[in-house]
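J.: Residue numbers (my numbering): 192 to 694.
The beta-carbon is built from N, C-alpha and C at its ideal position, and this holds for glycine as well.
Mind having a look at this structure? Questions to follow.
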Ligand code: AMP
């Protein structure tokens, strides 16, 4: 399949070539011809699937058609004919950048409109006349109030990441905007999920839409190696530093649940000599843009982000994503790991999971319909005496309490990985390299079970074959972890593990 067969005009094909794309992604292959026909679209596609080009390319083409009566003259300025609404500023900026790239050989002008920055340059730009606006709902309504934008000529409306817009409480803003648009127009709705709210919106908004469904999971999840490192909450930062240093990671996006924790972690990383910046809703747009730019240009190694701030971030070939804390909403996990492994590139998503987060982890595994491989990093095994706190309403509490010892730990590292921490079957607190070596021998591993509890209820990876579970080898047979010291030390005597982590 090639872009040439989709009905796109030469100017757009040239722009696609400049981007280096050779083959349309599944959502592009389905959406582009359907949008070119002029009908409404309901597309279930997440970030990472190539959805931006899927709506931008045909939208631009349609704007170049039937332009005779619309063409700007000396007297008549351009009318805004297409509107793309996005939930976040970052996504708006990225869609705008893509629009400009794809429109480079067309005489189509676009403007990006979002809050957190001076409104004046936006007003100036709108005054000059644009064909396409890419906007977040709040700031667009500010322009409506100030009468600096006219939406009465809109022919194409795109709701990008519509589910996230509803999650973020934009429904009333969207309704206000819809009321300002002409009734006859093409509507393109992209959403990763179909909640009841989305269904209601689609019923009101779309007219006999073409339904496009690409794989429910982000295609990134197929190219992302997912890994869980069980660890105590209090040792997560130390483990993160260790992983980044040991792996010599140059660019890693780290997710936290709260803005506070993003700030704190970013400061702590800086103190440990790892360049980092935080990105979240309390940062000014200038700060966010600066942090993202430094990250993209490799001036900083770590970008610590909350879910909303990271939504829609498009960083080319981002190799590593770390979930410093698991998200409360399982679907956010899929969005998070979709930041890596994009457009066919390989990526690694590592989750640091403490005992309080086990419920969240099993919710995620249920959603993605697979178990994620668990590996204890040597020296960072969870303390088996720490018990999970109750997790009311599926949400985590902030800390964990020591509530007595857990049953005996049983996990062993995979054979050939002696540097990984293991725990004795007796649950003892002391350990030495000899009994680790013994335990790591394949003969000591039960063959009837894929996983064994590490004593905290976390199932830890065991040697296995790739066909043992669900008939799907991809997620049970990860590529060898990239921690360099793992490979380097594979044949060396394991170093002593402090007794705190023995078992
Ligand atoms: P999106 O889902 O729109 O955020 O796109 C995800 C990433 O895929 C972006 O970095 C795009 O530049 C890239 N991309 C989009 N379409 C293609 C394609 N057909 N081939 C290769 N990369 C693509």
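Please state if the CB of residue 283 and the CB of residue 250 are separated by a distance shorter than 8 Å.
T.: Taking the first residue of the chain shown as position 1, residue 250 is located at position 59. Taking the first residue of the chain shown as position 1, residue 283 is located at position 92. The answer is no: Cβ separation not under 8 Å.
J.: Would you say the beta carbon of residue 209 is closer than 7 Å to some non-hydrogen atom of the ligand AMP?
T.: One-based indexing of the chain shown puts residue 209 at position 18. Residue 209: no, Cβ never under 7 Å from the ligand AMP.
J.: Less than 6 Å between C-beta atoms, sequence neighbours within five positions excluded: which residues of the same chain meet that for residue 454?
T.: Taking the chain shown and counting its residues from 1, one reaches residue 454 at position 263. Closer than 6 Å at Cβ, skipping near neighbours: 469.
J.: Residue 233 and residue 380 - do their beta-carbons sit closer together than 8 Å?
T.: Your numbering for residue 380 matches position 189 in the chain shown. Your numbering for residue 233 matches position 42 in the chain shown. Yes, they are a contact pair.
J.: Determine the direct distance from the alpha carbon of residue 421 to that of residue 588, and round the result to whole angstroms.
T.: Position 397 of the chain shown, counted from the first residue, corresponds to residue 588. Position 230 of the chain shown, counted from the first residue, corresponds to residue 421. Because residue 588 carries a pLDDT of 36, less than 50, the predicted location of this residue cannot be relied on, and no value is offered for it.
J.: What are the complete beta strand (DSSP E) segments, minimum 3 residues, inside the segment 291-322?
T.: 301-304
J.: Answer yes or no: do residue 531 and residue 492 have a C-beta to C-beta separation smaller than 8 Å?
T.: Your numbering for residue 531 matches position 340 in the chain shown. Your numbering for residue 492 matches position 301 in the chain shown. With a cutoff of 8 Å on beta-carbon distance, residue 531 and residue 492 are scored as not near each other.
J.: In terms of DSSP beta bridges, what is residue 538 paired with?
T.: Taking the chain shown and counting its residues from 1, one reaches residue 538 at position 347. In the DSSP output, where bridge partners are listed per residue, residue 538 has 415.
J.: Is residue 215 buried or exposed, if buried means 16 or more other CB atoms sit within 10 Å of its CB?
T.: Taking the first residue of the chain shown as position 1, residue 215 is located at position 24. Label assigned to residue 215: buried.
J.: From which residue to which residue does the alpha helix (DSSP H) around residue 695 run?
T.: Examination of residue 695 is not possible in this model, given that the chain is present from 192 through 694 alone.
J.: Please confirm if the segment 377-395 is in contact with the segment 298-318, defined as three or more CB-CB distances below 8 Å between the two stretches.
T.: no
J.: I need the DSSP call for residue 203, collapsed to helix, strand or coil.
T.: To locate residue 203, count along the chain shown from 1; it is residue 12. Residue 203: helix per DSSP, three-state reduction.
J.: Can you check which of these residues, 566, 198, 429 and 457, is closest to residue 253 by C-alpha distance?
T.: Here residue 253 corresponds to residue number 62 of the chain shown, with the count starting at 1. Ranking the options by Cα distance to residue 253, first place goes to 198.
J.: With DSSP run on the structure shown, which of helix, strand or coil describes residue 239?
T.: For the purposes of this step, residue 239 is taken as the residue at position 48 of the chain shown. Of the three classes helix, strand and coil, the one that applies to residue 239 here is coil, per DSSP.
J.: What does the Cβ neighbour count give for residue 208, buried or exposed, with the cut at 16 atoms within 10 Å?
T.: By 1-based counting over the chain shown, the position of residue 208 is 17. The residue is exposed, with fewer than 16 neighbouring Cβ atoms inside 10 Å.
J.: Inspect the beta-carbon positions of residue 515 and residue 458 and report whether they are closer than 8 Å.
T.: Counting from one through the chain shown, the residue named residue 515 turns up at place 324. Counting from one through the chain shown, the residue named residue 458 turns up at place 267. Cβ distance not < 8 Å, so residue 515 and residue 458 don't count as in contact.
J.: With C-beta atoms as the reference, is residue 544 less than 8 Å away from residue 419?
T.: Residue numbering aside, residue 544 sits at position 353 when the chain shown is read from its first letter. Residue numbering aside, residue 419 sits at position 228 when the chain shown is read from its first letter. Going by C-beta atoms, residue 544 is nearer than 8 Å to residue 419.
J.: Can you tell me whether residue 542 is buried or exposed? The criterion is at least 16 other CB atoms within 10 Å of its CB, across all chains shown.
T.: As a first step, residue 542 is located in the chain shown; it is residue number 351 there, counting from the start. Buried, because 16 or more other Cβ atoms sit within 10 Å of the Cβ of residue 542.
J.: Which value, in whole angstroms, describes the spacing of the CA atoms of residue 317 and residue 345?
T.: Translated into the one-based positions of the chain shown, residue 317 becomes position 126. Translated into the one-based positions of the chain shown, residue 345 becomes position 154. Taking the straight line joining both Cα atoms gives about 14 Å.
J.: Output needed for residue 332: all residues of its chain with C-beta closer than 8 Å, excluding positions within five of it in sequence on either side, in chain order.
T.: On the chain shown, position 141 is the one that residue 332 refers to. Hits under 8 Å: 364, 367 and 368.
J.: Looking at the structure shown, is residue 398 part of a helix, part of a strand, or coil, going by DSSP?
T.: Locating residue 398 in the chain shown gives position 207, counting from the first residue. In the structure shown, residue 398 sits in coil (DSSP, three-state: anything other than H, G, I, E or B).
J.: What whole-angstrom Cβ distance do residue 498 and residue 527 have, given they're in contact under 8 Å?
T.: Translated into the one-based positions of the chain shown, residue 498 becomes position 307. Translated into the one-based positions of the chain shown, residue 527 becomes position 336. Confirmed, about 7 Å.
J.: Can you find at least 3 beta carbon pairs, one from the segment 390-408 and one from the segment 217-231, that sit closer than 8 Å?
T.: Segments in contact, yes.
J.: Helix, strand or coil: how does DSSP classify residue 407 here?
T.: The count along the chain shown starts at 1 and reaches residue 407 at position 216. Low confidence applies to residue 407: its pLDDT is 47, below 50, so where it sits in the model is not reliable, and the reading given next is rough at best. Three-state result, residue 407: coil.
J.: Is residue 212 near the ligand AMP, judged by its Cβ being under 7 Å from some heavy atom?
T.: Locating residue 212 in the chain shown gives position 21, where the first residue counts as 1. Within the cutoff, so yes.
J.: Would the C-beta of residue 500 count as close to the ligand AMP, meaning under 7 Å from any of its heavy atoms?
T.: As a position in the chain shown, residue 500 is number 309, starting the count at 1. Flag unset: Cβ of residue 500 not near the ligand AMP.
J.: Quick one: Cα of residue 522 to Cα of residue 558, how far?
T.: Residue 522 sits at position 331 when you count from the first residue of the chain shown. Residue 558 sits at position 367 when you count from the first residue of the chain shown. Approximately 7 Å, taken between the alpha carbons.
J.: Cβ of residue 252 within 7 Å of any heavy atom in the ligand AMP?
T.: To locate residue 252, count along the chain shown from 1; it is residue 61. Every heavy atom of the ligand AMP is 7 Å or more from the Cβ of residue 252, so no.
J.: Within the same chain, show all residues whose beta-carbon is closer than 7 Å to that of residue 289, passing over the 5 residues directly before and after it, in chain order.
T.: Counted from its first residue, the chain shown places residue 289 at position 98. Once the five neighbours on either side are set aside, the close Cβ partners of residue 289 are 243, 244 and 247.
J.: When you compare each of 551, 396, 512 and 236 to residue 538 by their alpha carbons, which one comes out closest?
T.: Reading the chain shown from its first residue, position 347 is the one you call residue 538. Checked all of 551, 396, 512 and 236; the closest Cα to residue 538 is 512.
J.: Do the CB positions of residue 444 and residue 392 come within less than 8 Å of each other?
T.: Residue numbering aside, residue 444 sits at position 253 when the chain shown is read from its first letter. Residue numbering aside, residue 392 sits at position 201 when the chain shown is read from its first letter. No, the Cβ-Cβ distance between residue 444 and residue 392 is not below 8 Å.
J.: Can you tell me whether residue 595 is buried or exposed, with buried defined as 16 or more other CB within 10 angstroms of its CB?
T.: Taking the chain shown and counting its residues from 1, the one referred to as residue 595 is at position 404. Any answer about residue 595 is weak, because its pLDDT of 28 lies below 50 and its placement is not dependable; what the coordinates show is given next. The residue in question, residue 595, is exposed, as its Cβ has fewer than 16 Cβ neighbours within 10 Å.
J.: Looking at the unbroken alpha helix (DSSP H) that takes in residue 519, where does it start and where does it end?
T.: Here residue 519 refers to the residue found at position 328 of the chain shown. Element bounds for residue 519: n/a, residue is neither H nor E.
J.: Where residue 425 and residue 434 are concerned, what is the direct C-alpha to C-alpha distance, given to the nearest angstrom?
T.: Within the chain shown, the letter at position 234 stands for residue 425. Within the chain shown, the letter at position 243 stands for residue 434. Whole-angstrom Cα-Cα distance: 16 Å.
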